[in-house]
Amino acid sequence: MKTPAIPFHQRLQSEAVLGPFSKTSDPNMIEAMGVGGMDFIILDLEHGPNDVTTLGNLIRACECSETTAVVRCLRPDQIGQSLDLGARVVQIPHVNCAADARTAVEAARFAPSGHRGVCRYVRAAGHSSTEKQEYFANAADITVIAQVEGTEGLSNLDEILEVPGVDMIFVGVYDLSQSLGMTGKTESPEVLAALQTVAEKCAAKNIPVGTFVESVETARKYRDMGIHYLCYAVDVGILMSACQSLSQGVKA
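For the sequence shown, numbering that gives the first Met the number 0 begins at 0 and goes up steadily by one.
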């Protein structure tokens, strides 16, 4: 495995990146998206069909196409498993307070920063071929993304940002819209105001921020707001839309 020159979150200090959530378990689909220019792909263990038994080949597909594998982990035990399989970025949903953030960080990092289980006989360590201290040093250069999705997380954002090892913040606008009592209205003034507040607070701490977008126009608008982690829709939706457009164009 090739270690990136700089951690993912440091890359976002100087550039915006684009990628989809993925609901597929097909490595070929993952690789094709990487070849197509996606900077990252979120391998979704929360709403997708995958688990750790299928995750390894999806991470390999990302590496083959030189795109970053981001694994959204639903449970703390999935964090260490994902990192053992070679992921270097984990995204944790439903972070509502500093305690939630600490739980995620501690599951992702070796001591003294956390209590991730230690095993060198895993893919991330070249199945033990990587020298011990090199492996542990490289393991420190991961990225932990805390996903803030509701009014509770927003009200506790300041304390979440103070947790050492929280490298990025992702705002889940669909769950946020639900929390605000306007489910699905992801570009309502209230959601946009909350997103702007998060972006400003993260900028003050030099912490990259991201969110979910569903149009090129929205992606550009958020990029101009300083939101550099642009999660563009979902792979199956992108495929469906492309097929629909092709079908309508040819059959018109």
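Note that CB positions come from ideal geometry on N, CA and C, so glycine has one too.
Contact check, residue i vs residue j, beta carbons under 8 Å
i    : j    : result
F169 : T142 : no
L175 : A193 : yes
L73  : E45  : yes
V319 : V94  : Since the first and last residues shown for the chain are 0 and 251, residue 319 lies out of range.
P92  : G171 : yes
H8   : M167 : yes
Three-state class that DSSP yields for residue i in the structure shown
i    : result
V117 : coil
A218 : helix
R108 : coil
I91  : strand
L156 : helix
P3   : coil
G183 : coil
V162 : coil
L84  : coil
G55  : helix
Q195 : helix
Per DSSP, cross-strand counterpart(s) of residue i
i    : result
G209 : F169, Y228
Q146 : F169
T67  : F39
F20  : I41, V233
Cβ distance (whole Å) where residue i is taken to contact residue j below 8 Å
i    : j    : result
L229 : V212 : 6 Å
V165 : A145 : 5 Å
The segment 114 to 121 / the segment 64 to 74 touching (three or more Cβ pairs under 8 Å): Using a C-beta cut-off of 8 Å, the segment 114 to 121 makes no contact with the segment 64 to 74, since fewer than three inter-stretch Cβ pairs fall below that distance.
The segment 230 to 240 touching the segment 12 to 30, judged by at least three CB pairs closer than 8 Å: Below 8 Å, enough C-beta pairs join the segment 230 to 240 and the segment 12 to 30 to call them touching: three or more.
At least 3 beta-carbon pairs within less than 8 Å: the segment 35 to 52 vs the segment 244 to 251: By the C-beta criterion, the segment 35 to 52 is judged not to be in contact with the segment 244 to 251, since fewer than 3 inter-stretch pairs fall below 8 Å.
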